[in-house]
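Protein sequences, first through last, are from chains A and B.
Take the first sequence: its position 129, counting from 1, is numbered 335 in our numbering, and each next residue is one higher.
Take the second sequence: its position 252, counting from 1, is numbered 240 in our numbering, and each next residue is one higher.
Built from N, CA and C at the ideal position, the CB exists for glycine as well.
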Amino acid sequence: MLNQTRPAVVSMLLFTLLLGGVYPAVVTGAGGLLFPAQAEGSLLRDDAGRVVGSRLIGQVTTTPEYLWPRPSAAGDGYNAAGSSGSNLGPLNPALAERVTADADAIRAYAPDGAIPSDAVTTSGSGLDPEISPEFAALQVDRIAEARRIAADEVRAVIAENTEQPLLGFIGQPRVNVLLTNVALDRLHPVAAAE
Amino acid sequence: MNWQGWAEIALTLGLALALGWPLGIFMSRVWNGETTWLDPVVKPVERAFYAASGVDPRKSQTWLGYGASLIAFNLAGFLLLYAMLRMQGVLPLNPQGFSGVSPDLAFNTAVSFVTNTNWQSYGGETTMSHFTQMVGLTVQNFVSAATGAAIAAALARAFAGNRLIGIGNFWADLIRTTLYVLLPLSIVLAIALMGMGVVQSLQASVTATTLEGASQTISVAPTASQLAIKQLGINGGGIFNANSAHPFENPTPLSNLVTAVAINVLGWAAFFAFGRTAIARKDIRALATAAIVILAAGAAIIYVSEAQPAPALVAAGIENPVNMEGKETRFGLASSAAWAAQTTGASNGSVNGMLDSFSPLGGGMTMLLMMLGEILPGGVGSGIAIMVVMAVLAVFVAGLMVGRTPEYLGKKIEAREIQFAMVALLIVPLSTLGWAALTVAVPGGLASLFNPGAHGLSELLYAFTSATANNGSAFGGISANVPWWNGALGMAMLMGRFVPIVAVLAIAGSIAAKPKLAPSAGTLPTSGTLFVGLLIGIIIILGALQYFPALALGPVVEHFQVLEALAK
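What follows is the structure, given as structure tokens:
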């Protein structure tokens, strides 16, 4: 066993240097050079340069003027420093309770609409930046009313921020909530953050 | 369910298999010490490794020497990683100011990454510093995969050779696989993934002021570099707690497709590399056929299962109540189902949706795919190695039926091979069910479970299945970061990794020493449809029968409870 010690220790240290030092440094350098915006987290800034969020990370919106995201199990909701799913099993009573409460909350502003599955389920990360087009459609009238604009204007903004599956079949159609809300604010500024 | 979903599943599974073919030829060249087009760049680095380590790469080792080198290397890796985890608080690149990791978590995590399991009892962004992630965990992501590949290379040589004493040089297999295969592919993949939106940052976090004026702290990390090898090395441990469900680790359907393919591609490549190195391409193609048939069936069952009405959604009057709990909008059912099958059929363990919230049969299927032995296609090399052991068992069973001495790839299969094959295969249920049973019995063992009822048992069974199979995925509700669980899961990972490795090396040593026989009229053909069918039968019977009683108490009973709830 003794003659194994040198190769084991030396190669382990060399691997650590190469794979733990050089490799991540090369990737970090390449990221800074080629894809700086993505590497730092696809951040969105307002006109003053303040970071308002990341286009990849959902955030809580509760005022009626904004598109609302899915329920989230990350902390108190969209805690981007602690991603998490709910991990509730299909028969866990807590799941049925939560889903029913969320469905009732949606019916309060959209009494007649059919509620899609994603509207009342938490995502795997708890940070899902997107919702289904069906869930977005349910919220159109609420947003239009709160902003006192035509529903078609809201629909147009949502459509602009909707992505279709890649090549028509890879992934799902989806609406980016934060991008939609930023676009809505551009179009019709509301007194936010009061 | 729709045609788009089926097409996506077929594309993801098929693309990995197709790309595995050319990569496998390349991998075989690397194992055989042949020249490659990377030589001008990589050869000097390879030579430096040999010179500094005092290794003669041409010196073929006996199976005992090969095994001793492997154990010594893994032990050195374990000790280094354990020390790093314990001393995290005083090491650099720790902008979050995380303190050292507790002894039981450090043991569990070090074992986990050295054994290519990547079970995570912790949440990444709330526990591990950038230094630990990069310099500790990323390194093991590479070398644990290369360790698995080394086993396959040794076994392939044993079958190819005629009365050999040695089965190759462990250090050469380890170093060459890492430098020629894993590292170049990871660099390319990591850069491509950053282009798709994956984060690579050494900041602790970014603070945003949301549209409604709240403050949101967004954790960032050197993700792309670790993600690339996490998938290619079939490791599975995420930088973030949510793993590949996290938008920074898997931002788009394209990144999902690419990383899903990466889960399986080197597993398949190792199949084809084995075929080329062992000079048995047709026979190995039969093994790959059996594996892809079972994997595709698994993915289909998960997809169908997740598309069934979920009881909680039906009760709330949801339109089209498919099971989106724990799944991301951009992925939906099909991407999540394909991933779940791929990550458990390989010993990867990364997740793009939370398996704990899957339907009983969907979640149960992921468990079964692990129980089948992590051979669909399994880890880099470890998958094909165990698959060959399965094939050896299949020819043995067939030999018993017709009363002939069984042969596989021109080597007689005798008592010694079958004894070690049984050791390699039976340690898995012994460890899985043994540790699960002990955990049910110890005081406080069940306190870690999150969900009530049959699903709670599934969480427990899943944890020990995953640990023993060196998979690393979890029914994530479980709170495993307590001393008993960290210790028991760590032991399960060690048993599931090193007992089969030693057994496979022993088989390799025994096979290598035998004369290579030409096939005769009495030889069972091991490349046709008949053999594929026999092999699938052996795999399923072995997996299903050993675990059926345990599965019946978990996912199966829960499925009937779901049906009962829906009938109300």
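Tell me, please, which residues DSSP counts as bridged to residue i.
i	result
B:Q204	B:A196
A:L250	A:G259
B:K270	Bridge partners of B:K270: none, in fact.
B:E395	B:K400
A:T368	A:V381
B:G341	B:K315
B:P210	B:Q188
A:D336	Position check: residue 336 of chain A holds Glu in this sequence, whereas Asp was assumed. DSSP, once it has assigned bridges, lists A:N382 as partnering A:E336.
A:I376	A:L372
Taking the straight line between their C-alpha atoms, what separation do you get for residue i and residue j?
i	j	result
A:P322	B:A192	36 Å
A:E366	B:L(-1)	29 Å
B:G433	B:N439	14 Å
B:A382	A:F221	39 Å
A:L273	B:G444	36 Å
B:F346	B:G154	47 Å
B:G112	B:G314	18 Å
B:A285	A:A350	47 Å
B:V249	B:Y450	24 Å
B:E200	B:L357	45 Å
B:P537	B:L413	18 Å
A:P213	B:I163	11 Å
B:A279	B:G531	14 Å
B:V312	A:G295	A small correction: the amino acid at residue 312 of chain B is Met; Val does not occupy that position in the sequence shown. When rounded, the distance between both Cα atoms is 12 Å.
A:E340	A:Q378	12 Å
B:G478	A:D358	58 Å
B:S560	A:D324	Any property of residue 560 of chain B remains undetermined from this structure, which presents chain B solely from -11 to 556.
B:N474	B:F66	15 Å
A:Y284	B:T135	39 Å
B:G305	B:S90	46 Å
B:G497	B:N469	40 Å
B:G85	B:G225	21 Å
B:H118	B:M75	13 Å
B:L418	A:V381	48 Å
A:D391	A:P277	23 Å
B:A196	B:M410	57 Å
A:F241	B:I251	24 Å
Can you give me the Cβ contacts of residue i inside the same chain, cut-off strictly under 7 Å, excluding the 5 residues immediately before and after it?
i	result
B:Y168	V18, T24, L26 and V30
B:V194	I206 and V208
A:G288	A280 and G281
A:R361	V346
B:A148	T265, A266 and I267
B:P299	V550, A553 and L554
A:I355	H394
Could you name the residues of the same chain whose beta carbon sits closer than 6 Å to that of residue i, not counting the 5 residues immediately before and after it, in chain order?
i	result
B:F452	T420, W423, A424 and A480
B:G77	S87 and G88
B:I282	L364
B:F519	A274
B:G124	L69 and M72
A:A398	Low confidence applies here, because A:A398 scores a pLDDT of 45, under 50, leaving its location unreliable and the question unanswered by this model.
B:G185	P239
B:L11	A257
B:G542	A442, L445, S446 and L449
On the premise that residue j lies in contact with residue i, defined as a C-beta separation below 8 Å, what is that separation, rounded to the nearest angstrom?
i	j	result
B:P507	B:G398	7 Å
B:Q188	B:P210	6 Å
B:G361	B:I527	7 Å
B:V380	B:E405	6 Å
B:N150	B:K400	No, B:N150 and B:K400 are not in contact; Cβ-Cβ is about 13 Å, not under 8 Å.
Which residues in the same chain have their Cβ closer than 8 Å to the Cβ of residue i, if we skip the five residues on either side of it in sequence?
i	result
B:T277	V520
B:A555	none
A:N209	none
B:I179	A212
B:G510	R392
Any heavy atom of the ligand SAH closer than 7 Å to the beta-carbon of residue i?
i	result
B:R485	Because no ligand of any kind appears in the structure shown, any question about the ligand SAH cannot be addressed here.
Checklist entry - If you measure beta-carbon to beta-carbon, which residues of the segment 305 to 332 of chain B are closer than 9 Å to chain A? => result So the list reads G305, I306, E307, N308, P309, V310, N311, M312, E313, G314, K315, E316, T317, R318, F319, G320, L321, A322, S323 and S324, given in the order they occur along the chain.
Item to check | Contact list for the segment 351 to 366 of chain A against chain B, Cβ threshold 9 Å | outcome: If the cut-off is 9 Å between Cβ atoms, the segment 351 to 366 of chain A has nothing near chain B.
Next on the checklist: Tell me which residues of the segment 190 to 212 of chain B have at least one Cβ-Cβ distance to chain A shorter than 8 Å, keeping chain order.
Outcome noted: Correct list: L190, Q191, S193, V194, T195, A196, T197, T198, L199, E200, G201, A202, Q204, T205, I206, S207, V208, P210 and A212.
Checklist entry - Listed from N- to C-terminal order along the chain, which residues in the segment 252 to 267 of chain A have their beta-carbon within a distance smaller than 7 Å of any beta-carbon of chain B? => result Correct list: R256, V257, V258, G259, S260, L262, I263, Q265, V266 and T267.
Checklist entry - Which of the residues in the segment 317 to 348 of chain A, read from start to end, lie with their CB under 9 Å from any CB of chain B? => result Here the close residues are G319, A320, I321, P322, S323, D324, A325, V326, T327, T328, S329, G330, S331, G332, L333, D334, P335, E336, I337, S338, E340 and F341.
Next on the checklist: Output needed in chain order: residues of the segment 271 to 291 of chain A with a Cβ under 9 Å from some Cβ in chain B.
Outcome noted: For the segment 271 to 291 of chain A, which is checked against every Cβ of chain B, the residues closer than 9 Å are Y272, R276, A279, A280, Y284, N285, A286, A287, G288, S289, S290 and G291.
Item to check | Members of the segment 145 to 177 of chain B near chain A, C-beta cut-off 8 Å | outcome: Here the close residues are W159, L162, I163, T166, L171, S174 and I175.
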